Amino acid sequence: MTTRPAPTQVHLETFGCQMNEYDSELVRSLMKQDGFVFTDERERADVILMNTCAIRENAHNKVYKHLSELKKLKQQRPLVVGVLGCMAQNLKEELTDIQPLVDVLAGPDAYRQLPMLIRNAMLSQEEGLYQKGLAVDLSEYETYHDVVPDRTDGVNAWIAVMRGCDNFCSFCVVPYTRGRERSRDPEGIVQEAYRIAEQGFKQITLLGQNVNSYRFGDWDFARLITAVADVPGIQRVRFTSPHPKDFPLPLLEAVVAHPNICKQIHLPLQSGSDRILGLMNRTYTNKEYRSLVERIRAMRSDIVLSTDIIGGFCGESYADFAETYRLVEEIRFHSAFIFKYSERKHTIAARKFPDDVSEGVKTERVTRLFDLQRNISYERNREYLKTIIPVLVEGDAKRSAAQGMGKSDGNITVIWDKRTISSRPGDMVSLAIYDASSTTLYAEGPLMK
Ligand code: SAH
Ligand code: SF4
Ligand code: F3S
-4 MTTRPAPTQV
6 HLETFGCQMN
16 EYDSELVRSL
26 MKQDGFVFTD
36 ERERADVILM
46 NTCAIRENAH
56 NKVYKHLSEL
66 KKLKQQRPLV
76 VGVLGCMAQN
86 LKEELTDIQP
96 LVDVLAGPDA
106 YRQLPMLIRN
116 AMLSQEEGLY
126 QKGLAVDLSE
136 YETYHDVVPD
146 RTDGVNAWIA
156 VMRGCDNFCS
166 FCVVPYTRGR
176 ERSRDPEGIV
186 QEAYRIAEQG
196 FKQITLLGQN
206 VNSYRFGDWD
216 FARLITAVAD
226 VPGIQRVRFT
236 SPHPKDFPLP
246 LLEAVVAHPN
256 ICKQIHLPLQ
266 SGSDRILGLM
276 NRTYTNKEYR
286 SLVERIRAMR
296 SDIVLSTDII
306 GGFCGESYAD
316 FAETYRLVEE
326 IRFHSAFIFK
336 YSERKHTIAA
346 RKFPDDVSEG
356 VKTERVTRLF
366 DLQRNISYER
376 NREYLKTIIP
386 VLVEGDAKRS
396 AAQGMGKSDG
406 NITVIWDKRT
416 ISSRPGDMVS
426 LAIYDASSTT
436 LYAEGPLMK
């Protein structure tokens, strides 16, 4: 009698943005179809995969740190190590040469080949050959339209509607790691939304590096998001990340008017200085950005706006920084992600402009922006005090299982004591807000459904 060999156990760790989270769901799906099983325990795995991010230096450092930890594991037993995602794509030479422990490299458009690459690496290791598997070609067409992601969350489902980016902001590595823009066919997206609703998910987040430049035949993003929001059972639709250049009136009208599209827009600003915006190749000016914000707020005063800002970009003078600071003060975003400029290989900025703002000045500028924004977020969140807002329950709070956690329509985290409010993940509950910090709203019972 022959015994079947135990299935290969795979451990997958994900770094970076939501698109990487989604891609990891695709990877799990593709590998499970091929007979692999997944484990949460690194120590039990035959294969360890890391889905990586290359956006800033600290994202790189995290991956290198994990790789050095794997070195020890690999000395103890047979182990195949795979690096996936944006760093695999961007650092193909370096990762295979410097890191002899990496067996497989697969970029974001190569996941269909992953099961084969891993099997080959395992076989080659058994024979003592240690050949490397490399698949880092970018595609103009791959959208994984026929791959059903292996979703783990029970409340929110991601759908990537477009992949890649053609904007070439001068600081950004994404056009190099993820290649050219391509949109997925709308029929498949809407069908997937129906399936997601049947499975009990309450929220869909449409994803793309440049999501609102979605175009497929005569479908644009306004038409797509409306079709998804119309799917019965889906109570909330979000989208990320949009570019300020792609907000035509029909899209704004869809967002402000459709009851199932969240009244929340992430609007990456990057800088308030026209000179820096020009060097960044962002294609809008301070004035154009402000008038977009004004237009949005005139249509819907309760909209929640968030943003991304880079401090200390090449050539940023104190006057440039002061313009960013003033604009943040004026617009009063609900929240902002603030980053120190981090030079990335291959980008236009790395090739053309010296990274000439010192580390100390970068730190000082982002700290000042961060302090400003924290005060604004605090005041903005305090506007919710003594109001009752709809909250989609996600599960337990990170800090304590005695607390429940959910999100407001504007994507602000809401926390409550589970003894006073009973709810299950996926419930939409109306909660009274009694306290607020710069990051969190605190709700109290009694429960009003
Ligand atoms: N596609 C999205 C976001 C891409 S990355 C968009 O266009 O908005 C998310 C954020 O990381 C960017 O908005 C930017 O603020 C920041 N970022 C990108 N490259 C960076 C770099 N080289 N250094 C510092 N921050 C960077
Ligand atoms: Fe990067 Fe700009 Fe594309 Fe966003 S729009 S992914 S910042 S190049
Ligand atoms: Fe990082 Fe790639 Fe996303 S570089 S932010 S994982 S698109």
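Okay, so the sequence shown: first residue is -4 according to this note's numbering, each after it adds one. Glycine residues also receive a C-beta, built at the ideal position from the N, C-alpha and C atoms. It should be emphasised that the depicted structure is a prediction, and the values quoted were computed from it without experimental measurement.
On a Cα-Cα basis, can you pick out the residue from the options that is closest to residue i?
| i | options | result |
| --- | --- | --- |
| ILE304 | ASP315, PRO263, ASP213 | PRO263 |
| GLY30 | ALA345, GLY11, LEU109, LEU202 | LEU109 |
| ILE260 | ALA331, PRO420, LEU380 | ALA331 |
| ILE191 | THR200, ASP180, ALA152 | ALA152 |
| SER372 | GLY405, SER395, ALA344 | GLY405 |
| ARG107 | ASP422, LEU322, HIS140 | HIS140 |
| SER119 | CYS81, PRO144, LEU74 | LEU74 |
| PRO385 | ILE428, CYS81, GLU378 | ILE428 |
| GLY128 | LEU96, ARG146, VAL142, VAL156 | LEU96 |
| THR302 | GLU283, GLU311, ARG327, LYS413 | ARG327 |
| PRO147 | LEU387, LEU21, LEU219, ASP180 | It should be pointed out that residue 147 corresponds to Thr in this sequence rather than to Pro. Checking every option, the nearest Cα to that of THR147 belongs to LEU21. |
| LEU287 | SER418, LEU246, GLY401 | LEU246 |
| VAL185 | GLU89, ASN207, SER425, THR221 | THR221 |
| GLY307 | ALA396, PHE166, ALA392 | PHE166 |
On the DSSP letters alone, give me the boundaries of the beta strand (DSSP E) that residue i sits inside.
| i | result |
| --- | --- |
| LYS402 | 398 to 403 |
| LYS340 | Segment: none, LYS340 is in no beta strand (DSSP E) and carries neither H nor E. |
| ASP412 | 408 to 412 |
Quick check: what's the CA-CA separation for residue i versus residue j?
| i | j | result |
| --- | --- | --- |
| GLU8 | ALA293 | 43 angstroms |
| LYS258 | ILE298 | 5 angstroms |
| SER353 | GLU359 | 10 angstroms |
| TRP411 | TYR437 | 6 angstroms |
| SER403 | ARG285 | 25 angstroms |
| HIS55 | ARG369 | 27 angstroms |
| ASP41 | TYR279 | 49 angstroms |
| CYS160 | LEU244 | 22 angstroms |
| GLY149 | ARG173 | 28 angstroms |
| PHE196 | SER296 | 29 angstroms |
| PHE234 | ILE43 | 31 angstroms |
| GLU38 | ARG158 | 33 angstroms |
| MET423 | ARG346 | 50 angstroms |
| HIS238 | VAL232 | 18 angstroms |
| LEU124 | ALA224 | 52 angstroms |
| LYS444 | PHE216 | For LYS444, the pLDDT reaches just 44, beneath the cut-off of 50, and the residue's location in the model is therefore unreliable, leaving the point undetermined. |
Can you name the residues that DSSP bridges to residue i?
| i | result |
| --- | --- |
| GLN70 | For GLN70, which the question treats as bridged, DSSP gives no partner whatsoever. |
| GLU8 | MET45 |
| VAL156 | According to DSSP, VAL156 bridges with nothing at all. |
Where does the unbroken alpha helix (DSSP H) through residue i begin, and where does it stop?
| i | result |
| --- | --- |
| ALA431 | Unbroken run through ALA431 is the beta strand (DSSP E), 423 to 431; no alpha helix (DSSP H). |
| SER372 | 354 to 377 |
Once you ignore the five residues that flank residue i on each side, which residues in its own chain have a CB closer than 6 angstroms to its CB?
| i | result |
| --- | --- |
| ASP104 | LEU133, SER134, GLU137 |
| THR408 | THR435 |
| GLY267 | ASN281, GLU318, THR319, LEU322 |
| ILE338 | The question names Ile, but residue 338 is Glu in the sequence shown. Only ALA345, ASP350 meet the Cβ criterion. |
| ALA49 | CYS81, MET82, ASN85, VAL168, THR172 |
| PRO170 | CYS160, PHE163 |
Which residues in the same chain as residue i place their Cβ atom closer than 7 angstroms to its Cβ, once the five residues preceding and following it in sequence are excluded?
| i | result |
| --- | --- |
| PHE365 | ILE333 |
| ARG23 | LEU7, PHE33, ASP145 |
| LYS57 | PHE10 |
| PHE348 | LEU274, CYS309, GLY310 |
Here's a check: name, in chain order, each residue in its chain whose Cβ is nearer than 8 angstroms to the Cβ of residue i, leaving out the five neighbours to either side.
| i | result |
| --- | --- |
| SER432 | TYR373, ASN376 |
| THR200 | GLN13, ASN151, ALA152, TRP153, ILE154, VAL232, ARG233, PHE234, THR235 |
(message) Can you tell me which residues fall inside 6 angstroms of the ligand MN, judged by beta-carbon distance to its nearest heavy atom, and keep chain order?
(response) The model depicted lacks the ligand MN and carries the ligand SAH, the ligand SF4 and the ligand F3S instead.
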